[in-house]
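Sequence positions in the sequence shown follow the working numbering and run 166 to 275. Here a beta-carbon is modelled for each residue, glycine too, at the ideal position from N, C-alpha and C. Just so you know, these numbers come straight off a predicted model, no measurement behind them.
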Amino acid sequence: MELIDIEIKLSRQAMIGFNGSSEKSLGTIHLLTYVGGIMLDTKFTVIEFLDMYNIILGTPWIHAMKVVPSTYHQCIKFLTAEGITTIHGRQKAARMCHIHESLFRGPNRL
């Protein structure tokens, strides 16, 4: 996604990656997310780092959406006007991303 720099509010905070590396954020931006029929204004921290993730939705988003996450079942569940909505993770897609990432970076860089 291309973002106009003016939309990003400067905020230089340190972010610690899953591999323990530290990156400085470029700032924060508010974007509308639409998940399971629910639109929510979500604050994102922007970093310039090539990674297998596009976004990581953290505790504030989980609480705002009243989501019940299950790492065991690789899904999230939440209530909508139509009832309980379940969104499943895509294990095969995640595995392929991880394989491509490790090939790109090399085995010692993950």
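Of the choices the options, whose alpha-carbon is the least far from that of residue i?
i	options	result
residue 183	214, 206, 205 and 195	214
residue 221	173, 177, 176 and 181	181
residue 201	252, 262 and 236	252
residue 237	256, 172 and 226	256
residue 172	187, 185, 188 and 196	196
Can you have a look at residue i and say buried or exposed, based on whether 16 or more other CB atoms are within 10 angstroms of its CB?
i	result
residue 204	exposed
residue 232	buried
Hey, how far is the Cα of residue i from the Cα of residue j?
i	j	result
residue 260	residue 254	11 angstroms
residue 175	residue 211	10 angstroms
residue 262	residue 248	32 angstroms
residue 179	residue 250	35 angstroms
residue 226	residue 208	9 angstroms
residue 228	residue 206	13 angstroms
residue 198	residue 223	13 angstroms
residue 268	residue 230	35 angstroms
residue 219	residue 234	19 angstroms
residue 258	residue 264	10 angstroms
residue 266	residue 188	18 angstroms
residue 239	residue 185	24 angstroms
Exercise. Any chance the segment 238-255 sits against the segment 192-199, with 3 or more Cβ pairs inside 8 angstroms?
Worked result: no
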